[in-house]
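Undergrad: When you number the sequence shown by my numbering, it's gap-free, plus one each residue, and the end is 361.
For each residue, glycine too, the CB sits at the ideal point set by N, CA and C.
Right, I'll just put the structure down here and ask away after.
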Amino acid sequence: PWGWQPRHLLVYSGTRLVAACPLYLKTNSYGEFVFDWNWAEFWERNGHTYYPKLVSTVPYTPAAGPRLLTDPEHPQPDRLRALLIEGARQLATETGCSGMHWLFTCPVETRQLAESGMALRMGCQYHWHNDGYANFDDFLDRLSSKKRKNIRRERRKAHEHGLRIQRLYGREIEERHWDSFHAFYLRTFTEKWGYPTLSRTFFSLLSERMPESLLLVMAFDGDRAVAGALDLIGEDTLYGRYWGCLEQHDLLHFEVSYYQGIEFAIEHRLARFEPGAQGEHKIPRGFLPTPTWSAHWIRDDRLRPMIERFCRHEQQMMREECRALYRLSPFRDDALPASQHPEALGLEP
Numbered sequence: 013p014w015g016w017q018p019r020h021l022l023v024y025s026g027t028r029l030v031a032a033c034p035l036y037l038k039t040n041s042y043g044e045f046v047f048d049w050n051w052a053e054f055w056e057r058n059g060h061t062y063y064p065k066l067v068s069t070v071p072y073t074p075a076a077g078p079r080l081l082t083d084p085e086h087p088q089p090d091r092l093r094a095l096l097i098e099g100a101r102q103l104a105t106e107t108g109c110s111g112m113h114w115l116f117t118c119p120v121e122t123r124q125l126a127e128s129g130m131a132l133r134m135g136c137q138y139h140w141h142n143d144g145y146a147n148f149d150d151f152l153d154r155l156s157s158k159k160r161k162n163i164r165r166e167r168r169k170a171h172e173h174g175l176r177i178q179r180l181y182g183r184e185i186e187e188r189h190w191d192s193f194h195a196f197y198l199r200t201f202t203e204k205w206g207y208p209t210l211s212r213t214f215f216s217l218l219s220e221r222m223p224e225s226l227l228l229v230m231a232f233d234g235d236r237a238v239a240g241a242l243d244l245i246g247e248d249t250l251y252g253r254y255w256g257c258l259e260q261h262d263l264l265h266f267e268v269s270y271y272q273g274i275e276f277a278i279e280h281r282l283a284r285f286e287p288g289a290q291g292e293h294k295i296p297r298g299f300l301p302t303p304t305w306s307a308h309w310i311r312d313d314r315l316r317p318m319i320e321r322f323c324r325h326e327q328q329m330m331r332e333e334c335r336a337l338y339r340l341s342p343f344r345d346d347a348l349p350a351s352q353h354p355e356a357l358g359l360e361p
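Put into structure tokens, the structure is as follows:
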């Protein structure tokens with residue numbers, strides 16, 4: 013539905029699967045979070061058709077991760093990734109796609125895709141890193157006095173509404189909780205974001221198939237759920253996915269979507285918390301600008317150089333924007349996590 017047609021690419025050595033690339037043939041750009049609507053308009057203005065296109069990503073998930081999957085025991089992972097890259101380009105050509113797009117790639121893939129001639133696009137998200145904090149107060153102690161006081165004030169006010177805030181982990185999540193959360197989800201999308209694509213059944217399937225990966229933070233007025241946020245738990249990262257509510261309560265969003273997640277990450281020794289795409293308001297709450305990457309190949313020889321120039325120019329602008337936003341960091345200069353220094357993030361001058 014909504015233009016996601018699986019075209020996954022597999023590489024075998026004899027009968028053994030040694031590499032794979034998740035691919036989708038797309039007839040629109042919904043659910044990708046690397047925005048190319050202006051590219052589609054440019055194609056149309058020049059008498060071309062942008063769709064279909066091939067995309068490698070996790071649908072509706074703006075989180076970096078492997079897109080060129082290789083057998084960890086294979087001695088030549090670079091060679092396998094090269095086969096996947098070339099195979100994806102061939103598939104794009106054979107299916108009449110305008111191009112091939114790898115979204116939210118991990119560092120080793122980004123490097124090899126660039127070396128293979130792909131145009132790179134840089135995005136910016138806001139991530140929190142766990143610097144071995146003992147608890148939430150330990151995290152706050154690393155911030156400037158003003159930012160520390162502001163977060164404490166926000167948390168206090170969020171709890172003054174008389175609501176009960178509860179974290180539901182794994183099999184603690186019941187069908188009644190999903191009923192409430194799906195109502196939040198529907199309201200968010202119908203009021204702000206357009207059409208909700210995830211069905212009520214989808215959330216039940218999450219509990220059925222991957223309960224150990226689920227964290228649902230809910231706010232209750234008595235026994236009635238009024239707001240909630242869904243997070244997914246990775247190997248070392250907490251991923252914020254959806255927030256919704258039936259009632260507006262001042263500062264509740266920050267408590268349910270951000271501060272509860274930070275506490276959970278500290279308690280469970282998770283390395284990072286990625287609360288989703290966009291949102292400069294996350295910076296004063298401990299989430300620092302972090303580059304994200306995607307790689308693009310355009311099939312048309314005449315249009316490819318134009319897109320490559322666009323990507324180079326956009327990358328320069330995004331890097332400057334990330335650097336400027338980084339200056340808003342709430343951390344004391346002597347307390348910044350080493351993994352979030354500008355050099356570590358690739359934001360050095």
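Which class does Q137 belong to by DSSP, given the choice of helix, strand or coil?
TA: Note: Q137 maps to strand in three-state DSSP.
Undergrad: Look at the alpha carbon of G99 and the alpha carbon of R57, and state the distance between them as a whole number of angstroms.
TA: Distance between the alpha carbons of G99 and R57: 30 Å.
Undergrad: If we call anything under 8 Å between Cβ atoms a contact, is W383 one with A241?
TA: Beyond the ends of the chain as shown, which are 13 and 361, falls residue 383; an answer cannot be given.
Undergrad: Given a cut-off of 8 Å, decide if L21 and L125 are closer than it, judged by their beta-carbon atoms.
TA: Cβ atoms of L125 and L21: not closer than 8 Å.
Undergrad: Would you mind reading off the limits of the alpha helix (DSSP H) that contains Q178?
TA: Taken as a continuous stretch (DSSP letters only), Q178 belongs to no alpha helix (DSSP H), being part of the beta strand (DSSP E) at 176-181.
Undergrad: Counting only the same chain and skipping the five closest in sequence on each side, list residues whose C-beta sits under 7 Å from that of Q17.
TA: Closer than 7 Å at the Cβ level, and outside the excluded window around Q17, lie Y36, L37.
Undergrad: Indicate whether S341 and L300 have their beta-carbon atoms separated by less than 8 Å.
TA: Yes. Within cutoff.
Undergrad: Using the beta-carbon count (16 or more within 10 Å), is H308 buried or exposed?
TA: H308 should be labelled buried.
Undergrad: Go ahead and label E186 buried or exposed: buried means 16 or more other beta carbons lie within 10 angstroms of its beta carbon, across all protein chains shown.
TA: Burial call: exposed.
Undergrad: Return helix, strand or coil for W16, following the three-state DSSP convention.
TA: It is coil, neither helix nor strand.
Undergrad: Check whether the region 289-306 touches the region 110-126, counting contact only when three or more Cβ pairs, one atom from each stretch, lie closer than 8 Å.
TA: The region 289-306 is in contact with the region 110-126.
Undergrad: To the nearest angstrom, how far is the alpha carbon of A336 from that of Q102?
TA: The straight-line gap from Cα to Cα measures roughly 40 Å.
Undergrad: Is it buried or exposed, A76, if we count other Cβ atoms within 10 angstroms and call 16 or more buried?
TA: Its Cβ being crowded by 16 or more others within 10 Å, A76 is buried.
Undergrad: How many whole angstroms separate the CB atoms of E121 and R165, which I take to be in contact at a CB cut-off of 8 Å?
TA: E121 to R165, Cβ: 42 Å. No contact.
Undergrad: If you draw a straight line from the alpha carbon of L155 to that of E333, how long is it in whole angstroms?
TA: Using only the alpha carbons, I get a separation of about 22 Å.
Undergrad: Between which two residues does the alpha helix (DSSP H) holding C323 run?
TA: Where C323 is concerned, the enclosing alpha helix (DSSP H) stretches over 316-338.
Undergrad: DSSP three-state call for D243: helix, strand or coil?
TA: Residue state, collapsed to three classes: strand.
Undergrad: Which same chain residues end up closer than 7 Å to M329 when comparing Cβ atoms and leaving out the 5 residues on each side of it in sequence?
TA: The answer is none, since no qualifying residue turns up.
Undergrad: Work out the CA separation of L218 and K161 for me, nearest whole Å.
TA: Going by the C-alpha atoms only, they are around 38 Å apart.
Undergrad: Would you say A231 and I274 are within 8 Å of each other, going by their C-beta atoms?
TA: Contact flag unset, no.
Undergrad: Where does V268 fall in DSSP's three states?
TA: Of the three classes helix, strand and coil, the one that applies to V268 here is helix, per DSSP.
Undergrad: Taking three-plus beta-carbon pairs below 8 Å as touching, is the region 79-91 in contact with the region 40-47?
TA: No: fewer than three Cβ pairs fall under 8 Å.
Undergrad: Evaluate the contact criterion for the region 210-229 versus the region 167-184: three or more CB pairs, one atom per stretch, below 8 Å.
TA: Result yes; three or more Cβ-Cβ pairs closer than 8 Å.
Undergrad: With E172 as the anchor, note down where its alpha helix (DSSP H) starts and where it stops.
TA: Taken as a continuous stretch (DSSP letters only), E172 belongs to no alpha helix (DSSP H), as it is neither H nor E.
Undergrad: For F285 versus A239, is the C-beta spacing smaller than 8 Å?
TA: Cβ distance not < 8 Å, so F285 and A239 don't count as in contact.
Undergrad: Could you give the DSSP three-state label for I185: helix, strand or coil?
TA: Coil, per DSSP.
Undergrad: Measure from the alpha carbon of S25 to the alpha carbon of each residue in Q88, D345, S351, then state which is nearest.
TA: For S25, the nearest C-alpha among the options comes from Q88.
Undergrad: In whole angstroms, what separates the C-alpha of T202 from that of E127?
TA: Straight-line Cα distance between these residues: approximately 42 Å.
Undergrad: Can you tell me whether S25 is helix, strand or coil according to DSSP?
TA: Here S25 sits in strand by DSSP.
Undergrad: Of the choices T39, M134, P34, R167, whose alpha-carbon is the least far from that of H325?
TA: Comparing Cα-Cα distances from H325 to each of T39, M134, P34, R167, the minimum goes to M134.
Undergrad: How long is the line joining the alpha carbons of G252 and L244, rounded to whole angstroms?
TA: Straight-line Cα distance between these residues: approximately 6 Å.
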